[in-house]
Amino acid sequence: MEMPLEVPDDTEVMRRVRAGHGDLVGLLFERHHRPVYGFFINLTHQLSLSEDLTQEVFLRVLRYATSFKEGSAFRPWLYQIARNVLTDHQNRLQPMALLNEADHVPDPRPGAQHEAESMADRERLRQSLAKLPLEKRELLLLSKDPDLSSQDLAGMYGCTPSTLKVRVHRALSELRIHFFQRQEVTP
Amino acid sequence: MRCQDFQIHLLDHPQDSPDPVLAVAMTEHHSGCPECKEFKRLWQGLDDLPQPEPPAGMSSRFRERLTLELAARQLPKSITSSWWLPLSVAAALLLSVGVILGYSLRSGNDRSDPALASLRNGTVADRIEAIALVNNRTSGQGDIVSALIERISHDPSLDVRLSAVEALYLFGADPGLSHRIEVALPGQTRPEVQLALIDLLGALRQKRAAEALRRLMDEDQLPPEARQRAEQRLSQMNL
Chain Y
524 MEMPLEVPDD
534 TEVMRRVRAG
544 HGDLVGLLFE
554 RHHRPVYGFF
564 INLTHQLSLS
574 EDLTQEVFLR
584 VLRYATSFKE
594 GSAFRPWLYQ
604 IARNVLTDHQ
614 NRLQPMALLN
624 EADHVPDPRP
634 GAQHEAESMA
644 DRERLRQSLA
654 KLPLEKRELL
664 LLSKDPDLSS
674 QDLAGMYGCT
684 PSTLKVRVHR
694 ALSELRIHFF
704 QRQEVTP
Chain R
42 MRCQDFQIHL
52 LDHPQDSPDP
62 VLAVAMTEHH
72 SGCPECKEFK
82 RLWQGLDDLP
92 QPEPPAGMSS
102 RFRERLTLEL
112 AARQLPKSIT
122 SSWWLPLSVA
132 AALLLSVGVI
142 LGYSLRSGND
152 RSDPALASLR
162 NGTVADRIEA
172 IALVNNRTSG
182 QGDIVSALIE
192 RISHDPSLDV
202 RLSAVEALYL
212 FGADPGLSHR
222 IEVALPGQTR
232 PEVQLALIDL
242 LGALRQKRAA
252 EALRRLMDED
262 QLPPEARQRA
272 EQRLSQMNL
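These protein sequence lines map, in sequence, to chains Y and R.
Each number in the numbering used here comes from the position in the first sequence (counting from 1) with 523 added on.
Each number in the numbering used here comes from the position in the second sequence (counting from 1) with 41 added on.
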């Protein structure tokens, strides 16, 4: 009788990475690179840059594996690294803005090309998001990650879940100003 | 229910269990409040942002970088992930072929050193990786500094040039470094690199570096932003 294959969870994989099995970062990459890449795409709208940043995140997983606390959730730690990578990149390139050279980002969802109204909404939303400060854009996008709990997010931002919700509310209120102002001036 | 209450509760995490009474109150408020309808439309719209597929080959490109990183760190490879091993070997072979080819084609003082030759080859990511790799070497520091200065002066990629500047921090004890930075600075057209080199000069905290900053400030053609940064770094050096 065949024994079922053991599939280690992220915390266990990190324990092994810290123990010297650095190649297992490849497994973490396969599990998590899509949402991290999507996070960068929605923040920067640059395809090549998003790939570079995503790769850098997972290389830092290897480099800073010892700072991962045993028993803690992997995804919030990963996103914390992603935020640091983006901040470092932005600091290096100042005063250039991240969104100076936006690429066309294809939407792979079936039928999405035919939903003209929702496409227009998405484009306006993308442009409105781009007008927000980076930290507010980050916060809104991370708030929408189903794999991050409110406790996870609050831990990442070093505040209580209630305080975090107020911050999200502020960011969304600012987004609303940009979004609907744009709509009002459009004939 | 007030708009503020509606909007705050709207942000409740989907994993948090909803209160049925609250849900009814929110539905009632939403139906009669245009402002909160806008708010909800935006919040839900964020779920519909494009989630593009990662580009083809991204995983293999990452595996190559990871293999290089592991080789540089000399970490033991896991024997538990047998699926990973053939890919690592293939990537290492590819790297070796690239290095040997680069070595055979290269001329100049890096002919004797394939690692330095690889600084000039491949994609931007390859060259940045090569910079990380040569940083881990303990011998031939003079050649490494020369190779990094050469990248700063001639590489078409801004990221590579900035990576090379960062790498030079490890060679701060090199007595000729401040002079070489001073020589490389005027040729820089990008302010990011100029400022990074000025920061490096400031970080050296050497008399020579302070003199180099003073001479730099005497240059008529120095951009105002670079002059201001040089003044800052010089004042922080206290030399």
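No residue lacks a Cβ here, since even glycine has one placed at the ideal position from N, Cα and C.
Establish whether the CB of Y:R660 and some CB of chain R are separated by less than 8 Å. no
Exercise. Mind checking whether the beta-carbon of R:R274 lies closer than 7 Å to any heavy atom of the ligand ADP?
Worked result: No copy of the ligand ADP appears in this structure; indeed no ligand is present at all.
field: Check whether R:R321 and R:I222 have beta carbons under 8 Å apart
entry: This structure leaves residue 321 of chain R out entirely; chain R is present only between 42 and 280.
If you measure from the beta carbon of R:D88 to each beta carbon in chain Y, is any gap under 8 Å? yes
Please state whether DSSP places Y:T686 in a helix, a strand or coil. Looking at Y:T686 - three-state DSSP - the assignment turns out to be helix.
query = From R:E105, R:I169 and R:V206, pick the residue whose C-alpha is nearest to that of R:E233; which is it?
reply = R:V206
- R:A271 versus chain B: which residues are under 7 Å apart at the beta carbon? The chain labelled as chain B is not found among the protein chains of the depicted structure, namely Y and R.
Could you list the residues in the stretch 682-694 of chain Y with a C-beta less than 7 Å from some C-beta on chain R, going in chain order? K688, V691 and H692
Handout entry: Unbroken stretches of the alpha helix (DSSP H), 4 residues or longer, contained in the stretch 653-699 of chain Y
Key = 657-666 and 673-680
| query | Can you tell me whether R:S145 is buried or exposed, with buried defined as 16 or more other CB within 10 angstroms of its CB? | reply | In this prediction, R:S145 scores a pLDDT of 44, lower than 50, which makes its location untrustworthy; the coordinate-derived value is nonetheless stated afterwards. So R:S145 counts as exposed.
Problem - Ordered list of alpha helix (DSSP H) runs contained in the stretch 238-277 of chain R, each at least 4 residues - result: 248-259
At least one CB of chain Y closer than 8 Å to the CB of R:I172: is that the case? In terms of beta-carbon proximity, R:I172 stays away from the interface with chain Y, with every pair separated by 8 Å or more.
Checklist entry - With distances taken from CA atoms, which of Y:R557, Y:H568 and Y:T534 is nearest Y:K592? => result That would be Y:T534, whose Cα lies nearest to the Cα of Y:K592.
For Y:L663, which residues in chain R fall below 8 Å Cβ to Cβ?
In chain order: L87.
Inset, instruction - Determine the direct distance from the alpha carbon of R:L203 to that of Y:Y560, and round the result to whole angstroms. - result: 23 Å
Just the chain Y side, please: which residues come within less than 9 Å of R:A253 by C-beta, in chain order?
Simply none; closest approach about 23 Å.
- Message: Mapping the DSSP letters down to three states, classify Y:Q578 as helix, strand or coil.
- Response: In the three-state reduction of the DSSP assignment, Y:Q578 falls in the helix class, which pools H, G and I.
- Can you grab the Cα-Cα spacing for the pair Y:S651 / R:Q45, in whole Å? 22 Å
Name the chain R residues whose beta carbon is nearer than 8 Å to that of Y:E574? P95, P96, M99 and R102
Under 7 Å Cβ-Cβ, which residues of chain R neighbour Y:F702?
For Y:F702, the chain R residues whose C-beta falls within less than 7 Å of its own C-beta are L83, listed in chain order.
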